[in-house]
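Undergrad: Structure incoming, see below.
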Amino acid sequence: AQTVTQSQPEMSVQEAETVTLSCTYDTSESDYYLFWYKQPPSRQMILVIRQEAYKQQNATENRFSVNFQKAAKSFSLKISDSQLGDAAMYFCAYRSFSRAGSYQLTFGKGTKLSVIP
Amino acid sequence: NAGVTQTPKFRVLKTGQSMTLLCAQDMNHEYMYWYRQDPGMGLRLIHYSVGEGTTAKGEVPDGYNVSRLKKQNFLLGLESAAPSQTSVYFCASSYTTGTRSRELFFGEGSRLTVL
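Which chain is which? The protein sequence lines are A and B, in order. Just so we're aligned: 70 in the working numbering is position 70 of the first sequence, and the numbers increase by one with no gaps anywhere. Quick note: to get the working numbering, add 1000 to the position in the second sequence (first position is 1).
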């Protein structure tokens, strides 16, 4: 079974600064997806960014980018120019792309990000 | 376009009572999932369904049952609620198995408290 580890339960960043959230995972599969989800106090799960394992290029979405290191099984999220609205819980997630894995999404335990004005 | 809708949003139960959470999606997704979220634990998979009439167990299935009688609906039942089932429950759905690059779409969550 796959496992996802987020080693930083809480982090903080000054407004307009850059912060990096860490995520590592364990898998024996070669094809899979990785995601970062944001959960603000409203509780809604919002997709921030996705990465397909077969793509070497790191995904970017505006101020959000990832550093995907497949060999190291690392998938960190970088938030640039942090804004007050970025304050939330962030979850790293792994999705199997095998029928045997039933395409399940496995989550890390989350990192709570605070943004300091 | 409603996406994934969960009802009810909040519920308080007494130990031993039963209840059903309803999840409905209007995106014609094949796959549907029920997760629970507890502080410090992330989201853990309870049960999932790969199509109408099929269900399977996830990581934490004990104490729950599910049914998928219609493609658009996925029901989560608690037959005899226990305080350990106090949690926030999320339903999610996704595209069919033949497509790539597919994230899960989540409902807004249902907060259940068992006294």
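C-beta atoms are modelled at their ideal positions from N, C-alpha and C, and glycine is treated no differently.
1. Name, going along the chain, the residues of the region 1025-1042 of chain B whose beta-carbon falls closer than 9 Å to a beta-carbon of chain A.
2. Could you tell me the distance, in whole angstroms, from the CA atom of SER82(A) to the CA atom of PHE64(A)?
3. Hey, how far is the Cα of VAL1066(B) from the Cα of SER1087(B)?
4. Are LYS73(A) and TYR25(A) close, meaning C-beta to C-beta below 7 Å?
5. Let me confirm a value: ALA1002(B) is counted as buried when at least 16 other C-beta atoms fall within 10 Å, else exposed. Which label applies?
6. With DSSP collapsed to three states, give me the class of SER22(A).
7. Could you name the residues of the region 1-12 of chain A whose beta carbon sits closer than 7 Å to any beta carbon of chain B, in the order they occur along the chain?
8. Just to confirm my understanding: we take GLU17(A), look at its own chain, exclude 5 residues before and 5 after, and list those with CB closer than 6 Å. What are they?
9. Whether or not the region 1068-1076 of chain B and the region 1014-1030 of chain B are in contact is what I'm after, with contact meaning three or more pairs of Cβ atoms, one per stretch, closer than 8 Å; do they touch?
10. Could you tell me whether any Cβ in chain A is nearer than 7 Å to the Cβ of LEU1045(B)?
11. Applying the 10 Å Cβ sphere with the 16-neighbour rule, what's the burial state of GLN56(A)?
12. Output the residue ranges of the beta strand (DSSP E) runs that lie fully inside the region 14-62 of chain A and measure 3 residues or longer, sorted by chain position.
TA: From the atom records:
1. Under the 9 Å Cβ criterion, the region 1025-1042 of chain B contributes TYR1031, TYR1033, TYR1035, GLN1037, GLY1040, MET1041, GLY1042.
2. In the first sequence, the residue the question calls residue 82(A) occupies position 82. In the first sequence, the residue the question calls residue 64(A) occupies position 64. Distance between the alpha carbons of SER82(A) and PHE64(A): 10 Å.
3. Translated into positions along the second sequence, residue 1066(B) becomes position 66. Translated into positions along the second sequence, residue 1087(B) becomes position 87. Roughly 17 Å separates the two Cα atoms.
4. Working through the first sequence from its first residue, we reach residue 73(A) at position 73. Working through the first sequence from its first residue, we reach residue 25(A) at position 25. Contact flag set, yes.
5. Position 2 of the second sequence, counted from the start, is the residue given in the question as residue 1002(B). When all chains shown are included, ALA1002(B) counts as exposed.
6. As a working mapping, residue 22(A) is identified with position 22 in the first sequence. Three-state result, SER22(A): coil.
7. Listed in sequence order: no entries.
8. Residue mapping note: residue 17(A) aligns to position 17 of the first sequence, counting from 1. If we look at GLU17(A) and ignore the five residues flanking it on each side, its Cβ neighbours are SER82.
9. Flag = yes, the region 1014-1030 of chain B and the region 1068-1076 of chain B touch.
10. One-based indexing of the second sequence puts residue 1045(B) at position 45. Taking Cβ atoms only, chain A reaches closer than 7 Å to LEU1045(B), which makes this a yes.
11. Counted from its first residue, the first sequence places residue 56(A) at position 56. It is exposed - the Cβ of GLN56(A) has fewer than 16 other Cβ atoms within 10 Å.
12. Taken in chain order, the complete beta strand (DSSP E) segments of 3 or more residues contained in the region 14-62 of chain A are 19-21, 24-26, 32-39, 46-52.
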